[in-house]
Amino acid sequence: MKMNKEEAISDLLSAVIAILPMGTMFVIQLIIPVMVRTNEKIQAERDAIALMESAQETTFLSRLIPNVLLALCAAFVLNFILILFYSREKKNPDIEMMSGTCSHFEVKKPEIM
Amino acid sequence: MTTCPECGGQLQFDIATQSLRCPFCDARNNPATYTAYNVNAEEIRTDEMDAILYTCPQCGGSIYSTEHSVNGFCSYCGSYVMLESRFVKMKYPKYVIPFGVDKERCIEEYRKYVKKAIFAPSELKDQTRLDNFRGIYISYWGYDITMEGFIYLDGKRGRQHYKCMGWMNAVFNNIFFDASSMFEDRYSEQIAPFNYSSKVEFTPAYLSGFYADMPDLPDDVYLEEAIDVAHAKAYSPSRLNRAFPGIRFDEGQEEKFHAEMDTHCSASYTTFFPVWFLSWQKDDRVSYAVVNGQTGRVTGDLPVDRKKFILSGCLISIPLILLLFTLPPFTKAGLLIACETFSLFSVVLLMSMIKKVIIRSEMLYDKGFLAKSDKLNYTYRLKVNADKRLEEAKKKGLIPFAIVAILCAVPLLFKYCSELVGGNAILVAFQISIVIEIVLLQMVPKLKNYPIPRKLPIIGSILLILLSSLYATFLLLLGTARISQIQIVACLQLAGTISSQLIILDQYNLLATRPLAHMNRMGGNES
Numbered sequence: 001m002k003m004n005k006e007e008a009i010s011d012l013l014s015a016v017i018a019i020l021p022m023g024t025m026f027v028i029q030l031i032i033p034v035m036v037r038t039n040e041k042i043q044a045e046r047d048a049i050a051l052m053e054s055a056q057e058t059t060f061l062s063r064l065i066p067n068v069l070l071a072l073c074a075a076f077v078l079n080f081i082l083i084l085f086y087s088r089e090k091k092n093p094d095i096e097m098m099s100g101t102c103s104h105f106e107v108k109k110p111e112i113m
Numbered sequence: 001m002t003t004c005p006e007c008g009g010q011l012q013f014d015i016a017t018q019s020l021r022c023p024f025c026d027a028r029n030n031p032a033t034y035t036a037y038n039v040n041a042e043e044i045r046t047d048e049m050d051a052i053l054y055t056c057p058q059c060g061g062s063i064y065s066t067e068h069s070v071n072g073f074c075s076y077c078g079s080y081v082m083l084e085s086r087f088v089k090m091k092y093p094k095y096v097i098p099f100g101v102d103k104e105r106c107i108e109e110y111r112k113y114v115k116k117a118i119f120a121p122s123e124l125k126d127q128t129r130l131d132n133f134r135g136i137y138i139s140y141w142g143y144d145i146t147m148e149g150f151i152y153l154d155g156k157r158g159r160q161h162y163k164c165m166g167w168m169n170a171v172f173n174n175i176f177f178d179a180s181s182m183f184e185d186r187y188s189e190q191i192a193p194f195n196y197s198s199k200v201e202f203t204p205a206y207l208s209g210f211y212a213d214m215p216d217l218p219d220d221v222y223l224e225e226a227i228d229v230a231h232a233k234a235y236s237p238s239r240l241n242r243a244f245p246g247i248r249f250d251e252g253q254e255e256k257f258h259a260e261m262d263t264h265c266s267a268s269y270t271t272f273f274p275v276w277f278l279s280w281q282k283d284d285r286v287s288y289a290v291v292n293g294q295t296g297r298v299t300g301d302l303p304v305d306r307k308k309f310i311l312s313g314c315l316i317s318i319p320l321i322l323l324l325f326t327l328p329p330f331t332k333a334g335l336l337i338a339c340e341t342f343s344l345f346s347v348v349l350l351m352s353m354i355k356k357v358i359i360r361s362e363m364l365y366d367k368g369f370l371a372k373s374d375k376l377n378y379t380y381r382l383k384v385n386a387d388k389r390l391e392e393a394k395k396k397g398l399i400p401f402a403i404v405a406i407l408c409a410v411p412l413l414f415k416y417c418s419e420l421v422g423g424n425a426i427l428v429a430f431q432i433s434i435v436i437e438i439v440l441l442q443m444v445p446k447l448k449n450y451p452i453p454r455k456l457p458i459i460g461s462i463l464l465i466l467l468s469s470l471y472a473t474f475l476l477l478l479g480t481a482r483i484s485q486i487q488i489v490a491c492l493q494l495a496g497t498i499s500s501q502l503i504i505l506d507q508y509n510l511l512a513t514r515p516l517a518h519m520n521r522m523g524g525n526e527s
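Rendered as structure tokens:
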């Protein structure tokens, strides 16, 4: 009985874990477009003001240093992705072949009850 | 020594013909049956042979050979030094797998391997260096495991439950683990497999022209692993189904199955495995290249050249800068989000690297190294400490990443929720800065085992990112910051991020190399 209860809880948990990400995604897909649509106009206005402000306040020189540093950061990140890609250590599938051979295997008087 | 019976010249093992060849008179001899004419009867009877032990005065690494002239290069530390030599008696291994890949093919395979590593130092591809590839026989312990016991397993056939019973006995042979503490387990795993059906009884003739690394670990170091391998093989459904056809065994019965088995090692023996080996020393670090001498499979350390890394970064950044200037200027929040995204990527990568360096420096994954480094207590350390510490290290590593993952998801949700109240971009920037601060604060305690010279630049970089991130948080909360102030903060944060990226590179190179070894080696079961 105890085992059955545990099994039932474990099955329920597995089902919840399996459904949860899909369910969450489904809810997000439903809610977000509604929320975004209602505020599209306000947001567009706010973005335009922010863009205008920053365009007025920024000069070529004031943009130069952040842009250079930002580009350098991005380039280094790309380099790291390349390095991590070529240096990744894959599990050698052939390692199993080092794990010996079976020279003898026997089950005497096997019984199935 | 292997001298030619025809002309007295030094014989060499010829890989192409798998014979002992005299370079002077071209005479061929069978290495399996060759006996030197100057070998005395006593030597044939024992399992020892005359050899020369070459020891590096710099690192203490020693290597056996039958050659009288060995060039002044140490395969362990990559130093060009005169190796100290002395005549010794070398204990035979039981078997040997002869070399099947010659030096030319080994170099060719290695070239292919390093070709893809565009940031690897040019010296790694240098022909003079590649000529130092040495054919070394690495010692492996081979185990034959015998097991017998009563099987009592639950299973299903269709929907019907059954009990399966019987008396099982099985023998598993040739379960190999490397017997050298110098040869890291990960190398032996990466260059596997060796086809051990081609192993032959060892004779000194196979050593001609090659070197040997003798076992310095006793055979019981890997016995537990060998037994585990045998258990796993015995418990395979395909094997058990031969006796119990059609039965699908219930899960979680492995421990019960193993507990019923009387398992013991019926034989353990050393075998020489052929490996081409090369080391490269840079400052006080050394990196290795290892090629399977039978199949040509390659593995090795691929450090990154700092100059190449920075130069390519600068080149890639030029079109990116041009692209950024063609786009409209960043808004305050946009600029901070861009900076903080890169900062977040860098600090997470840095933390992961630091964790790996700590695990690597303790060599928790290498049982051979642990056994050698603490010879008296190795059994305790292996069984209790190492596994536990490795598990703990892995678990500790998961918690911060789980926190980071959750906190990264939060701003994304807030991004949409905050549409109702406005200022979504500001909120995203704020959230990312909080995440960065948490990651950085978690990183500090991990540095306690780092030596001070290595710790200082990391702390400097962390402080720069942390302070700029805190300042950004403050400005965002204030809500009245000017774009020029945000630009200054962004520049500080990006400077900190770039410095952290260069530190990541150093950490990566620490992982791709190892400190110069100072070996004090002992052979086999010697104590």
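As they're listed, the protein sequences go chains A and B.
For reference, each letter of the first sequence is one residue, going 1 to 113 in this note's numbering.
For reference, each letter of the second sequence is one residue, going 1 to 527 in this note's numbering.
C-beta atoms are modelled at their ideal positions from N, C-alpha and C, and glycine is treated no differently.
Report the neighbours of residue i on chain A: residues whose CB is nearer than 9 angstroms to its CB, in chain order.
| i | result |
| --- | --- |
| residue 495(B) | 69 |
| residue 96(B) | Per Cβ cutoff of 9 angstroms: no residues; residue 96(B) is ~16 angstroms from chain A at best. |
| residue 491(B) | 65, 66 and 69 |
| residue 152(B) | Neighbours of residue 152(B) on chain A: none; closest Cβ ~10 angstroms, over 9 angstroms. |
| residue 508(B) | 80, 83, 84 and 87 |
| residue 498(B) | 69, 72, 73 and 76 |
Pick helix, strand or coil for residue i, following the three-state DSSP scheme.
| i | result |
| --- | --- |
| residue 56(B) | coil |
| residue 76(B) | coil |
| residue 515(B) | strand |
| residue 243(B) | helix |
| residue 85(B) | strand |
| residue 453(B) | helix |
| residue 68(B) | coil |
| residue 443(B) | helix |
| residue 4(B) | coil |
| residue 125(B) | helix |
| residue 11(B) | coil |
| residue 281(B) | strand |
| residue 421(B) | Note on residue 421(B): pLDDT 41, under 50, position unreliable in the model; the coordinate value appears next. Of the three classes helix, strand and coil, the one that applies to residue 421(B) here is coil, per DSSP. |
| residue 448(B) | helix |
| residue 474(B) | helix |
| residue 307(B) | helix |
| residue 321(B) | helix |
| residue 263(B) | strand |
| residue 380(B) | Summary for residue 380(B): the model assigns pLDDT 42, below 50, so the residue's position carries little reliability, and this model does not support an answer. |
| residue 543(B) | Outside the displayed range of chain B (1 to 527) lies residue 543(B), so it cannot be described from this structure. |
Can you list the residues of chain A that residue i reaches, using a CB-CB cut of under 8 angstroms?
| i | result |
| --- | --- |
| residue 501(B) | 73, 76, 77 and 80 |
| residue 239(B) | 102 and 105 |
| residue 139(B) | Within 8 angstroms Cβ-Cβ: nothing; residue 139(B) doesn't reach chain A, min ~15 angstroms. |
Please report the residue range of the alpha helix (DSSP H) in which residue i lies.
| i | result |
| --- | --- |
| residue 497(B) | 483-512 |
| residue 233(B) | 223-234 |
| residue 103(B) | 103-115 |
| residue 120(A) | In the structure displayed, chain A extends from 1 to 113; residue 120(A) sits before or after that span and is not available. |
Using a Cβ cut-off of 9 angstroms, pull out every chain B residue sitting near residue i, in sequence order please.
| i | result |
| --- | --- |
| residue 63(A) | 324, 325, 329, 330 and 487 |
Determine the chain A residues that contact residue i at a beta-carbon separation under 7 angstroms, and present them in chain order.
| i | result |
| --- | --- |
| residue 11(B) | Ordered by position in chain A, no residue passes the 7 angstroms Cβ test against residue 11(B), which lies about 31 angstroms from the chain. |
| residue 312(B) | 79 |
| residue 282(B) | Within 7 angstroms Cβ-Cβ: nothing; residue 282(B) doesn't reach chain A, min ~17 angstroms. |
| residue 309(B) | 79 |
| residue 316(B) | 75 and 78 |
| residue 244(B) | 110 and 112 |
| residue 320(B) | 71, 74 and 75 |
Determine the extent of the beta strand (DSSP E) in which residue i is found, giving its start and end residues.
| i | result |
| --- | --- |
| residue 108(A) | 99-112 |
| residue 20(B) | 19-21 |
| residue 212(B) | 211-213 |
| residue 295(B) | Neither: residue 295(B) is in no beta strand (DSSP E) and is coded neither H nor E. |
* Please list the residues of the stretch 154-176 of chain B that have a C-beta atom closer than 7 angstroms to any C-beta atom in chain A, keeping them in chain order. => So the list reads 162, 163, 164, 165, 166, 167, 168, 169, 170, 171, 172, 173, 174, 175 and 176, given in the order they occur along the chain.
* Chain-ordered residues of the stretch 115-126 of chain B with a beta carbon less than 8 angstroms from chain A -> The residues in question are 116, 117, 118 and 119.
* Near-chain A residues of the stretch 327-358 of chain B - C-beta to any C-beta below 9 angstroms -> Taking 9 angstroms as the Cβ-Cβ cut-off, the stretch 327-358 of chain B approaches chain A at 328, 329, 330, 331, 332, 333, 334, 335, 338, 339, 342, 343, 345, 346 and 349, given in chain order.
* **Members of the stretch 183-213 of chain B near chain A, C-beta cut-off 9 angstroms** => Residues of the stretch 183-213 of chain B with a Cβ closer than 9 angstroms to any Cβ of chain A, in chain order: 186, 188, 189, 190, 191, 192, 193, 194, 195, 196 and 197.
* Asked: What residue ranges within the stretch 328-367 of chain B form continuous alpha helix (DSSP H) runs of no fewer than 4 residues, ordered along the chain?
  -> Counting only runs of 4 or more, we get 332-362.
* Check distances from the C-beta atoms of the stretch 221-236 of chain B to those of chain A and list, in chain order, the residues that come in under 9 angstroms. => Within the stretch 221-236 of chain B, the qualifying residues are 226, 229, 230, 232, 233 and 234.
* To do: Return the residues of the stretch 292-305 of chain B that lie within a Cβ-Cβ distance of less than 7 angstroms from chain A, sorted by chain order.
  => Those residues of the stretch 292-305 of chain B placed with their C-beta closer than 7 angstroms to a C-beta in chain A are 302 and 304, ordered along the chain.
* To do: Within the stretch 139-181 of chain B, note down every full beta strand (DSSP E) run reaching 3 residues or more, in order along the chain.
  => With a minimum length of 3 residues, the unbroken runs of beta strand (DSSP E) contained wholly in the stretch 139-181 of chain B fall at 160-178.
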